[in-house]
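Chemist: Protein chains in written order, with the numbering used here: chain A, 1 to 245; chain B, 1001 to 1245.
For reference, the structure I am asking about is given below.
2 protein chains.
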Amino acid sequence: MSDRSPRLDRPADDRPADSRRAFEEILDRLEQAIASGELGPGDRLPSERDLAARFGVSRPSVREALRVLEALGLVSVRRGAEHGVTLREEPQNAFAHLFRFHLALNHTSVASLVEFRVAIESWAAGLVAARGGAETLGELERQLDAMRQPGLGQVGFHSLDAAFHLELVRGAGNELATSVLEASRTAIQRTMLAALVAKADWPGTRDRLVREHAGVVDAIRAGDGAAASRLVTDHVTTFWREHLD
Amino acid sequence: MSDRSPRLDRPADDRPADSRRAFEEILDRLEQAIASGELGPGDRLPSERDLAARFGVSRPSVREALRVLEALGLVSVRRGAEHGVTLREEPQNAFAHLFRFHLALNHTSVASLVEFRVAIESWAAGLVAARGGAETLGELERQLDAMRQPGLGQVGFHSLDAAFHLELVRGAGNELATSVLEASRTAIQRTMLAALVAKADWPGTRDRLVREHAGVVDAIRAGDGAAASRLVTDHVTTFWREHLD
DNA sequence: GAACCGTAGTTGGTTTGACCAATGCGGTCA
DNA sequence: TGACCGCATTGGTCAAACCAACTACGGTTC
Chain A
1 MSDRSPRLDR PADDRPADSR RAFEEILDRL EQAIASGELG PGDRLPSERD
51 LAARFGVSRP SVREALRVLE ALGLVSVRRG AEHGVTLREE PQNAFAHLFR
101 FHLALNHTSV ASLVEFRVAI ESWAAGLVAA RGGAETLGEL ERQLDAMRQP
151 GLGQVGFHSL DAAFHLELVR GAGNELATSV LEASRTAIQR TMLAALVAKA
201 DWPGTRDRLV REHAGVVDAI RAGDGAAASR LVTDHVTTFW REHLD
Chain B
1001 MSDRSPRLDR PADDRPADSR RAFEEILDRL EQAIASGELG PGDRLPSERD
1051 LAARFGVSRP SVREALRVLE ALGLVSVRRG AEHGVTLREE PQNAFAHLFR
1101 FHLALNHTSV ASLVEFRVAI ESWAAGLVAA RGGAETLGEL ERQLDAMRQP
1151 GLGQVGFHSL DAAFHLELVR GAGNELATSV LEASRTAIQR TMLAALVAKA
1201 DWPGTRDRLV REHAGVVDAI RAGDGAAASR LVTDHVTTFW REHLD
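Quick look at the structure:
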């Protein structure tokens, strides 16, 4: 390892060393603990009160540090005895928060978000089809089957749909793309659900959506990347067309 | 203001609505304020005490929210009179922060970052070619010409190359894609430059790169989206192949 | 003995109120 | 005029308390 060990997010700090804030100190100490192996994925951190005592700071300062780690997706928090703060096994998507604010700041429209999603998903679909990931295919078929159960409402369908699209991108094997897609998707989750509910003739709509998903699965099974790509694009674009102006 | 003001959606929250934490509420409110234009880049936020009073929460809770925003690179904080918390001018950079962070923690590799770039850029190239954006084409040609000036070193070339690729994506007209691409590029900027310098036979390499860029421009001019897409993919992939293992 | 239930203790969530520490502005004094 | 000093503002930090989930354990009941 180099002498320039990877450090927790403190890009170019203009702050003098002696005025480092308490929570930054805590982040450093925790980083050390992780680097030394003292703390590993899945481990539970000491309680907030413990950490405060160990590091000689107050609990609010500890909490600020924990909020940072949480925002970065590194820890998860649950309250109650035998619960507490744990280092995540799989770091969680830190992009979700950022996406929200980025969209707000740029006053980005839902349309451009959807377009962005299409770019990623169509790429992923093409790749999955070309590679022929059997595992992904199985998962997609499972979601598809679930979508077919009679009487499924909009809410239930929506979560299966989300899982389907996420799995599709995950199948491409690019963690970054997966995270970004997930974040962009959750950013319009509510809008998406509203759009689903607003559709006239729900059973008919549902059947159509199921057919479209099935088409994508077929194209992937056939190893036809171009078709898979195109079908995903059409699927998403068609769905949103009538809701965007 | 309406009782149901337009809001961006929140990421799937497993927490019941009534147990949302105070700082999350604050994040929502700030997001609203930003989305509505009440707060914009460069603006100074009300003081912590003000925010606490406005939102009816305590100052520590406000501070937790601010730490999240700070971790995401959205605000900068300075203490003292006439200072305070300000929304950063260039929120796009926030993505770069996070990307770098992911890289540092090995949650993502340079390879997957490059692959991700390819996904976005090839999509953009296809779109630009199909739409035939004359403006974009002109800008790309300008960058290309600049790349041809004799004696151009790696550093100079690199910045022109960056501008070329950024302009390509910008031409697709999707701000989100542009921001994300820019961030993913700056995150590996240093690595990229190192790779350029490490290439044997710089003049030869440069000529090859220029030819590849020219090929993309030609395909766009010809309106051949598929070719443009493929050429961009090949261009980026080839460049990085020998540097990733 | 097994299923149930309530209570105690642990842990995060939040508030209050206080004081410290930078920083810039404006007034004062040489 | 210019250097200086203090005050107001704002972030940084702490202490102590209470609330709210949640688990585990022990007692109760069948």
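The C-beta atom is built at its ideal place from N, Cα and C for all residues, glycine as well.
Computed from a predicted structure; not experimentally measured.
Looking at Val1128 (chain B) and Leu1168 (chain B), is the spacing between their C-beta atoms short of 8 Å?
Modeler: Yes.
Chemist: Run through the DSSP bridge pairs and tell me what Gly84 (chain A) is partnered with.
Modeler: A:Arg78
Chemist: Tell me where the alpha helix (DSSP H) around Val217 (chain A) begins and ends.
Modeler: Counting along the chain, the alpha helix (DSSP H) containing Val217 (chain A) begins and ends at Trp202 to Arg221.
Chemist: Pull up the distance between the alpha-carbon of Val1155 (chain B) and that of Asp201 (chain A), whole angstroms please.
Modeler: 59 Å
Chemist: Quick one: what's got a C-beta closer than 8 Å to Leu1113 (chain B)'s C-beta in the same chain, skipping five residues either side?
Modeler: Its chain contains Phe1099, Leu1103, Ser1184, Ala1187 and Ile1188 as the residues whose beta carbon lies nearer than 8 Å to that of Leu1113 (chain B), once the 5 sequence neighbours on both sides are disregarded; these appear in chain order.
Chemist: Would you say Leu244 (chain A) and Ala111 (chain A) are within 8 Å of each other, going by their C-beta atoms?
Modeler: yes
Chemist: Using beta-carbon positions only, say whether Glu1141 (chain B) and Leu1166 (chain B) come within less than 8 Å of one another.
Modeler: no
Chemist: What residues in the stretch 1163-1196 of chain B have a beta carbon less than 9 Å from any beta carbon of chain A?
Modeler: Ala1172, Gly1173, Asn1174, Glu1175, Leu1176, Ala1177, Ser1179, Val1180 and Ser1184
Chemist: Check the Cβ of Ile1026 (chain B) against every Cβ in chain A and list those closer than 9 Å, keeping chain order.
Modeler: Correct list: empty, because the minimum Cβ distance to chain A is about 11 Å.
Chemist: Return no unless some Cβ of chain B is closer than 8 Å to the Cβ of Ile120 (chain A).
Modeler: yes
Chemist: Residues of chain B with a CB under 7 Å from the CB of Thr108 (chain A): which are they?
Modeler: Glu1175 and Leu1176
Chemist: Please tell me whether Phe1239 (chain B) has its Cβ less than 8 Å away from any Cβ of chain A.
Modeler: no
Chemist: What residues from the stretch 80-97 of chain A come within 7 Å of chain B, judged by C-beta to C-beta, listed N to C?
Modeler: Pro91, Ala94, Phe95, Ala96 and His97
Chemist: Identify which residue in A:Thr178, A:Ser36, A:Arg44 and A:Ala222 has its Cα closest to the Cα of Ala94 (chain A).
Modeler: A:Thr178
Chemist: Assign Gly73 (chain A) to buried or exposed, taking buried as 16 or more other Cβ atoms, counted over all protein chains shown, within 10 Å of its Cβ.
Modeler: buried
Chemist: Find the nearest neighbour of Ala52 (chain A) within the set A:Gly42, A:Arg63 and A:Asp43, judged by alpha-carbon distance.
Modeler: A:Arg63
Chemist: Using only the alpha-carbon positions, how far apart do Gly1037 (chain B) and Ser1058 (chain B) sit?
Modeler: 25 Å
Chemist: For the putative contact between Gly171 (chain A) and Ala134 (chain A), defined by C-beta atoms under 8 Å, what is the C-beta separation to the nearest angstrom?
Modeler: Not a contact, Cβ separation roughly 10 Å.
Chemist: Just checking, does the stretch 205-215 of chain A make contact with the stretch 142-152 of chain A on the three C-beta pairs under 8 Å criterion?
Modeler: yes
Chemist: Mind checking if Arg1297 (chain B) is an interface residue toward chain A, Cβ cutoff 8 Å exclusive?
Modeler: Residue 1297 (chain B) is absent from the model: chain B starts at 1001 and stops at 1245.
Chemist: Below 8 Å CB to CB, which residues in the same chain sit around Ala33 (chain A) once its five sequence neighbours on both sides are set aside?
Modeler: Leu39
Chemist: What residues in the stretch 206-233 of chain A have a beta carbon less than 7 Å from any beta carbon of chain B?
Modeler: none
Chemist: Once DSSP output is grouped into helix, strand and coil, what is the label at Arg20 (chain A)?
Modeler: coil
Chemist: Please report whether the beta-carbon of Arg20 (chain A) lies at a distance below 8 Å from any beta-carbon of chain B.
Modeler: no
Chemist: Here's the rule I'm using: 16 or more other beta-carbon atoms within 10 Å means buried, otherwise exposed. How should Asn1106 (chain B) be labelled?
Modeler: exposed
Chemist: Between Ser112 (chain A) and chain B, is there a C-beta pair that is closer than 8 Å?
Modeler: Ser112 (chain A) counts as touching chain B.
Chemist: For His83 (chain A) and Gly1132 (chain B), I'd like the C-alpha separation in whole angstroms.
Modeler: 57 Å
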